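So for the sequence shown, our numbering puts the first residue at 82; every next one is plus one. Take a look at the structure set out below.
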Amino acid sequence: GHHGNIATEPLITENASRVITGIFKNRWRTLMSVDDVIADVIDTVDQLGLSKNTYFFFSSDHGFQLGQFNIPMDKRHVYEWDMKIHLLVRGPGIRAGSTFQELGTQVDIAPTLLGLAGLAS
């Protein structure tokens, strides 16, 4: 079920819907641009012959919900997509498509990077 506040939210107005749609489209445009930059960086690393000893870490924040549950913009709910963020890693020894179920947080990233560099955390 949903939090009790969800049922009390009024429907999104037509104007709010247009604004939300514009924001959503602009986010996708930005993301496509970021995707192009990431591809260029990976291509450059490949061309330099550094792929066998380079790790790429991709993460984000929670973002904002846009219109879900008739709430124009927010991210302060107890739904999974508001509590978890993705961390994708590409590099030597990491099998494509592999996952793990252990919990991790942002504070785990620094010791992981140090370990990959052969340094004590």
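Even for Gly, the Cβ is constructed at its ideal location relative to N, Cα and C. Source: prediction; values computed, not measured.
Apart from the 5 residues on each side of it in sequence, residue 173 sits with its Cβ closer than 7 Å to the Cβ of 133, 134 in its chain, given in chain order. Nearest in C-alpha terms to residue 182, of all of 188, 194, 192, 168, is 168. When beta bridges are read from the DSSP output, residue 140 appears opposite 168.
Membership of residue 153 in any alpha helix (DSSP H) is not indicated, and neither H nor E is assigned to it by DSSP.
Within the model, the alpha-carbon separation for residue 121 versus residue 112 is close to 14 Å.
Residue 127: member of the alpha helix (DSSP H) spanning 95-128, first to last residue. Less than 8 Å separates the beta-carbon of residue 197 from that of residue 136.
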